[in-house]
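A.B. asks: If you read the protein sequences in the order shown, they are chains A and B. For reference, each letter of the first sequence is one residue, going 1 to 496 in the numbering used here. For reference, each letter of the second sequence is one residue, going 497 to 1010 in the numbering used here. Quick one: the structure is below, and I'll ask about it shortly.
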Amino acid sequence: MTNLQSLEFFVPEIILVIIVIAALITDLFLKKSKTDLIGWVLGIGLIIVALSIINLRNVPPTTLFLDMIVIDPFSSFIKIVIILSTLLVIVASWENHELSDYRKGEYFTIMGIMVIGLFLMSSTVDVIMLYISIEVVSIMSFVLAAYLKLDTRSNEAGLKYVIYGAFSSGVMLFGLSIVYGLAGSTNYFVIQDSIAALDSSANPALVMGLLMIFAGFGYKISAVPFHFWTPDVYEGSPTTITAYLSVAPKAAGFAMIIRFFHHVFSDSNALSSNMVGTTDMPWPEIMGVLAVVTMTLGNLVAIQQESIKRMLAYSSIAHAGYMMLALPVISVNAIEAIMIYLFVYLFMNLGAFFVVITVKNKTGGETFDDYKGLGWDMPFVGCVMTLFMLSLTGLPPTAGFVGKFYIFKTLVGAGNSFYWLVIAGGLNSVISLYYYFHVVKVMFLDGQRSDKVMQPPVTMFGLLVVTAVPSLLLGLYWNPLISWVKESLVFYSQAL
Amino acid sequence: MDNILSLLIWLPILGAIVVAFIPRDKEDIIRYTAAGFTGVQFIIAILLWRKFEPGNGSMQFMERLEWIPSLNISYILGVDGLSIPMVILTAMLFFIGVFVSWNINKAVKGYFALYLLLDAGVIGVFLSLDFFLFYIFWEVMLLPMYFLIGMWGGPQREYAAIKFFLYTLFGSVLMLVGILGLYFTCGKTFDILLIMERAPEALDGVLWWGMSAAKVIWVLLFIGFAIKVPVFPFHTWLPLAHVEAPTAISVILAGILLKLGVYGIIRVNYGILPNAVWWFAGGLAILGLVNVIWGGLCALAQTDLKKLVAYSSINHMGYSLLGMAAVVAAGAANGGDLKAAQAGLSGAVFQMFNHGTISAMLFILVGVVYERAHHRDIDGFGGLARQMPIYTGVTALAFFAGLGLPGFSGFVSEAMCFIGAFPVFKTIVVLSTIGILLNAAYFLWAFQRIFFGKLNEKYKDMSEINGLELFTVIPLAVITLFFGLYPRPYLDLIRATMDQIIEKVAFVANFASM
């Protein structure tokens, strides 16, 4: 589709751009204490964007801007996930006391720009657009991570993020240029055909290129061994940004990986096809090993953490690992499982971070000591945190179990060469129980009954309810979710 | 009364919700509410038993609802001769447990809310006939149990609670893989009855890594259940959890939760993989022997009375395993001895029930003396017989029941297990009789040290067992004595279902030996 024709289907992104500009201008006229208003501007804007995405749902999958990006139900699903997490984080940002010394105008504006980047990441089918969208998201994340400019740890987070981000995107760009050299095109579909036609003498270059590209992807979803930035960045950033980074870019990152691997590696455009090796490398095994190493390392290091925020950072590495388990089998079922996982992970992980914000507002700390007796002082917060911990561990009847169940089901269903991944994933949930329940232990078992029971502020209470209810309900009844996911499992694919 | 089984499950959940809404200072109201809900549940369980047709070996009172159609998950409940005694036992022990917990003062509201949730989880496992539902209930039990041990337990409670949690979760993860394996090999369904029908054929000749898939699934499921039983070497969580848990929770743990393991093995492993029973029976008998001897020896070495009772559970569950292994006697290769198989399997199921009542009694009695002396050191007492004659009498009864004296129900079921297993596993049965000796030795020795000899001066003001405590023990003692003298009603209740299981295993065995 030509550029001009495409605009009609690009309405959500156009609205976003207008909102971002409006936010920037409004900010100029506001006093520091009033900058929360920009959050309203962005929030309401995002709801309009969501409506316009829903409005476009009946458009048949197609490419826009001369095969740069696509519009299809899969990208809409990821966009809705991104909007949901952004909305929740905006509301939480009003309540986050860490930010109260700063103007929040730029904060919300940058978040809006990041959403544009995430949208593009989830819908790109061209390596140039892939690189640009990753960079948009990364640069905005650097700024947000360092937003607390008077806090040295936040500055450290931003700087570390820049260095790792610059390095890994450099590596990825190198990889992309090699693949371009081999395929002669930047378009996924052309790359797919050209790679299939290559003879084996090109294999070393191709393998090299793909590994480098994967380094860039791995950085975005914080997969081992590209995860080193995660703990420090997550710990130093404002907690709302930590929560955001652990969910939204991850969702977009997985969408990008799924699309890339699915288009470049499958033997046809059909979704049912399994990943095929166009090179002599055992790709499924490599991905499997990476997944297992990612979750095991995340879990083992999480056990040793003193700070709950840092523990959740490592736990989010582990969760990236669980989702990566489905990548070796990149079938319909696997993509479906990752989509379900992303959706439930959104609620349980954001919920856990919201509890961290609540506690930090109250006690000023985020170590295990600050949580001592929380279950008695703030019973509601203690109970929902227990629910989030249960859900992150993956125990029924919570949403986290449903997520893990679909991943395991995919692997068992894909034949017995993948059983070892199931066993590894299962054992990892057992390991994770230990540190997740350390939180529960500290909250309930180490405390005493207190006489004055406190409730969190109304906004925070609302946020916790909004995240806790799906974390439980989706574990008991997830028919609507699964049917939505199944409907969204339509990729744009080029007619043969 | 169409939904009587759902009522049994959802009533305690409703109770937990009601308790959650009572102000936390109204402690007595909370206690009476819990007693009310478990009491009604017990009455419903009795009604269920009255309406149950013992002659019919298949599932009764079935309920079926669609739940997640895209995965073929349904809400299926049913009860047969294997589960009905367990349902009644569960309802009874949870009702009695409320009175055992009457003295709990710390966070009463939380305690009873979790207690009722645990109740629902346990009943749910016994009644569910859909693997997904079964697994959910299996896991739902863990959280209340973690808190009940971790918050209301003894000094090492936190360690005990997380150890229990980690062990069980480890087992259930393997179980989940086994369940998924069955799901995919048996035509994508979680319906246990459907899988039972299809599995022997569907798994025939299927190989995973060069091993028979049936055997791999058997082992995965078995480990999950064995941790609950607990079978040596997965037993190390048990003594700790028992010792640290408050009395009522020890009662529930020993009386019901351990039975879930045996129940699971018979319902799932036997029902779905009869081929593999044939393969694994020898191992089961040996594990039974190890449990009997190891549990007995460990019990003999304890100085803590509660730990002694805990190890006696390991010892007693060993007999059950032995009895279960006897099913293979019905196979043609073993002479088609149907009577031995019946004796063994019924003995194993009867032993489950008897150990449920006897160990409940023992734990309540340990709780009674701990309440007064604040320690459980066997050597720290002495001469209590003169001080507390009634308590001594009741304890003597419980100890005799525990050591399997004729006239008590434990004797009947243990004898049945031995009789059943003897034709096939002669050496193992002979060796396990050492366990009976150990069993008698540790109980009698402990009894002697606590009740006879000179009265310890510290305890000369110790008060006699009170009415409430007697109220919790006497019904259990009566049941033990009744079934010891006249086990027929129980055996009639389960016979038809036992025969079905045996027939299934024996048929496959004949089939395999041809």
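We put the beta carbon where it would ideally sit given N, CA and C, even for glycine.
Mind reading off the beta-carbon distance from Ser52 of chain A to Ile83 of chain A? Whole number of angstroms is fine, and I expect it under 8 Å.
C.D. replies: As a working mapping, residue 52 of chain A is identified with position 52 in the first sequence. As a working mapping, residue 83 of chain A is identified with position 83 in the first sequence. About 11 Å separates the two Cβ atoms, so there is no contact after all.
A.B. asks: Pick out the complete beta strand (DSSP E) segments inside the region 58-141 of chain A, 3 residues or longer, and give them in chain order.
C.D. replies: 62-64, 69-71
A.B. asks: Apply the 10 Å Cβ neighbour rule to Ile990 of chain B and answer buried if 16 or more other Cβ atoms are within range, or exposed otherwise.
C.D. replies: Residue 990 of chain B sits at position 494 when you count from the first residue of the second sequence. Result: buried.
A.B. asks: Is it buried or exposed, Pro565 of chain B, if we count other Cβ atoms within 10 angstroms and call 16 or more buried?
C.D. replies: Mapped onto the second sequence, residue 565 of chain B falls at position 69. So Pro565 of chain B ends up on the exposed side.
A.B. asks: Among residues of its own chain, excluding the 5 on either side of Ala270 of chain A, which ones have a beta-carbon nearer than 6 Å to its beta-carbon?
C.D. replies: Here residue 270 of chain A refers to the residue found at position 270 when the first sequence is read from its first residue. Model confidence at Ala270 of chain A stands at a pLDDT of 42, short of 50, so the residue's coordinates are unreliable and nothing is read from them.
A.B. asks: Give me the subset of the region 429-445 of chain A whose CB atoms are less than 7 Å from a CB atom of chain B, sorted by chain position.
C.D. replies: Correct list: Ser429, Val430, Leu433, Tyr434, Phe437, Lys441, Phe444, Leu445.
A.B. asks: What's the call for Ile25 of chain A, buried or exposed, on a 16-neighbour Cβ count within 10 Å?
C.D. replies: Along the first sequence, one-based indexing puts residue 25 of chain A at 25. So Ile25 of chain A ends up on the exposed side.
A.B. asks: What are the boundary residues of the beta strand (DSSP E) that Phe948 of chain B is part of?
C.D. replies: To locate residue 948 of chain B, count along the second sequence from 1; it is residue 452. Looking at the DSSP string, Phe948 of chain B is not in any beta strand (DSSP E), and its letter there is neither H nor E.
A.B. asks: For the region 284-303 of chain A against the region 197-209 of chain A, do three or more pairs of beta-carbon atoms, one drawn from each stretch, fall closer than 8 Å, so that the two count as touching?
C.D. replies: Counting Cβ pairs under 8 Å, fewer than three are found: no touch.
A.B. asks: Using a cut-off of 8 Å between C-beta atoms, extract the partners of Val412 of chain A located in chain B.
C.D. replies: As a first step, residue 412 of chain A is located in the first sequence; it is residue number 412 there, counting from the start. Counting only Cβ-Cβ distances below 8 Å, Val412 of chain A has contacts in chain B at Val673, Leu676, Gly677, Tyr679, Phe680, in chain order.
A.B. asks: For Trp478 of chain A, go through chain B and note every residue whose CB falls closer than 8 Å to its CB, in chain order.
C.D. replies: As a working note, residue 478 of chain A is residue 478 in the first sequence. Here the neighbours are Ile564.
A.B. asks: Taking only beta carbons into account, state which residues of the region 205-228 of chain A come closer than 8 Å to chain B, listed in chain order.
C.D. replies: none
A.B. asks: In the DSSP output, which residue or residues are listed as bridge partners for Ser708 of chain B?
C.D. replies: As a position in the second sequence, residue 708 of chain B is number 212, starting the count at 1. Paired residues: B:Leu703.
A.B. asks: Can you tell me which residues form a DSSP beta bridge with Thr367 of chain A?
C.D. replies: Here the question's residue 367 of chain A lines up with position 367 in the first sequence. Answer is A:Ser307.
A.B. asks: Looking at the structure shown, is Trp478 of chain A part of a helix, part of a strand, or coil, going by DSSP?
C.D. replies: Position 478 of the first sequence, counted from the start, is the residue given in the question as residue 478 of chain A. In this structure, Trp478 of chain A counts as coil in the three-state DSSP scheme.
A.B. asks: For Ala772 of chain B, I'd like the list of residues in its chain whose CB is within less than 6 Å of its CB, leaving aside the five on either flank, ordered along the chain.
C.D. replies: For the purposes of this step, residue 772 of chain B is taken as the residue at position 276 of the second sequence. For Ala772 of chain B, where only same-chain residues beyond five positions count, the Cβ hits under 6 Å are Ala710, Lys711, Trp714.
A.B. asks: Using a C-beta to C-beta distance shorter than 8 Å, which residues of chain A count as neighbours of Trp704 of chain B?
C.D. replies: Taking the first residue of the second sequence as position 1, residue 704 of chain B is located at position 208. Going along chain A in sequence order, the residues near Trp704 of chain B (Cβ under 8 Å) are Asn416, Tyr419.
A.B. asks: Quick test of your reading: Tyr499 of chain A and Leu173 of chain A, contact by CB under 8 Å. State the CB separation rounded to the nearest angstrom.
C.D. replies: A question about residue 499 of chain A goes unanswered here, because the residues of chain A that appear run from 1 up to 496.
A.B. asks: Relative to the C-alpha of Val1004 of chain B, which residue among B:Val969, B:Ala881, B:Ala826, B:Arg872 is closest?
C.D. replies: By 1-based counting over the second sequence, the position of residue 1004 of chain B is 508. Closest option to Val1004 of chain B, Cα to Cα, is B:Ala826.
A.B. asks: Within this structure, are the beta carbons of Leu585 of chain B and Ile540 of chain B separated by less than 7 Å?
C.D. replies: Position 89 of the second sequence, counted from the start, is the residue given in the question as residue 585 of chain B. Position 44 of the second sequence, counted from the start, is the residue given in the question as residue 540 of chain B. It is not a contact, given that the beta carbons lie outside the stated cut-off.
A.B. asks: Using beta carbons (cut-off 7 Å, strictly below), is Val669 of chain B in contact with chain A?
C.D. replies: The count along the second sequence starts at 1 and reaches residue 669 of chain B at position 173. Closer than 7 Å: yes.
A.B. asks: Given this structure, state the Cα-to-Cα distance separating Ile752 of chain B from Gly852 of chain B, to the nearest angstrom.
C.D. replies: The residue given as residue 752 of chain B occupies position 256 in the second sequence. The residue given as residue 852 of chain B occupies position 356 in the second sequence. About 6 Å.
A.B. asks: Would you say Lys409 of chain A reaches chain B, if we count a Cβ-Cβ gap shorter than 7 Å as a contact?
C.D. replies: As a working note, residue 409 of chain A is residue 409 in the first sequence. Chain B, which has a Cβ nearer than 7 Å to the Cβ of Lys409 of chain A, makes this yes.
A.B. asks: Kindly indicate if chain B contains any beta-carbon less than 7 Å away from that of Leu395 of chain A.
C.D. replies: The residue you call residue 395 of chain A lines up with position 395 of the first sequence. Residue-level contact check: Leu395 of chain A touches chain B, since one or more beta carbons of chain B fall below 7 Å from its beta carbon.
A.B. asks: Give me whichever residues DSSP pairs with Asp571 of chain B in a beta bridge.
C.D. replies: Counting from 1 along the second sequence, the entry for residue 571 of chain B is found at position 75. Per the sequence shown, the amino acid found at residue 571 of chain B is Tyr instead of Asp. Answer is B:Leu561.
A.B. asks: For a test of the three-state rule: what should DSSP assign to Asp576 of chain B, helix, strand or coil?
C.D. replies: As a first step, residue 576 of chain B is located in the second sequence; it is residue number 80 there, counting from the start. It is coil, neither helix nor strand.
A.B. asks: Got a sec, what are the start and stop residues for the alpha helix (DSSP H) Ser6 of chain A sits in?
C.D. replies: Residue numbering aside, residue 6 of chain A sits at position 6 when the first sequence is read from its first letter. Unbroken alpha helix (DSSP H) run through Ser6 of chain A: 3-6.
A.B. asks: Chain A partners of Met647 of chain B, CB-CB under 9 Å?
C.D. replies: As a working mapping, residue 647 of chain B is identified with position 151 in the second sequence. Ordered by position in chain A, the residues that pass the 9 Å Cβ test against Met647 of chain B are Phe444, Leu445.
A.B. asks: When you compare only the Cα positions, how much space is there between Phe142 of chain A and Val289 of chain A?
C.D. replies: Locating residue 142 of chain A in the first sequence gives position 142, where the first residue counts as 1. Locating residue 289 of chain A in the first sequence gives position 289, where the first residue counts as 1. Straight-line Cα distance between these residues: approximately 30 Å.
A.B. asks: Relative to the C-alpha of Lys104 of chain A, which residue among A:Leu481, A:Asn299, A:Asp36, A:Val41 is closest?
C.D. replies: Taking the first sequence and counting its residues from 1, the one referred to as residue 104 of chain A is at position 104. That would be A:Asp36, whose Cα lies nearest to the Cα of Lys104 of chain A.
A.B. asks: Using a cut-off of 8 Å between C-beta atoms, extract the partners of Ile719 of chain B located in chain A.
C.D. replies: Here residue 719 of chain B is taken as the residue at index 223 of the second sequence, counted from 1. Result: empty, since nearest Cβ-Cβ is about 12 Å, beyond 8 Å.
A.B. asks: Within 7 Å of any Cβ in chain A, is that where the Cβ of Ser1009 of chain B sits?
C.D. replies: Residue mapping note: residue 1009 of chain B aligns to position 513 of the second sequence, counting from 1. Its pLDDT being 44, under 50, Ser1009 of chain B is placed unreliably by the model, and nothing is read from it.
A.B. asks: Please confirm if Gly426 of chain A has its CB atom under 7 Å from at least one CB of chain B.
C.D. replies: For this step, residue 426 of chain A is matched to residue 426 along the first sequence. Interface residue, yes.
A.B. asks: Is the separation between the beta-carbon of Leu297 of chain A and that of Val233 of chain A shorter than 7 Å?
C.D. replies: Your numbering for residue 297 of chain A matches position 297 in the first sequence. Your numbering for residue 233 of chain A matches position 233 in the first sequence. No, the Cβ-Cβ distance between Leu297 of chain A and Val233 of chain A is not below 7 Å.
A.B. asks: By Cβ distance below 8 Å, which residues in the same chain neighbour Ala352 of chain A in space, the five residues on each side in sequence not counted?
C.D. replies: Translated into the one-based positions of the first sequence, residue 352 of chain A becomes position 352. Residues Leu312, Met385, Phe388, Met389, Leu392 of the same chain have their beta carbon placed closer than 8 Å to that of Ala352 of chain A, with the five preceding and five following residues left out of the count.
A.B. asks: Return the bridge partner residues of Gln556 of chain B from the DSSP annotation.
C.D. replies: As a position in the second sequence, residue 556 of chain B is number 60, starting the count at 1. In the DSSP output, where bridge partners are listed per residue, Gln556 of chain B has B:Val575.
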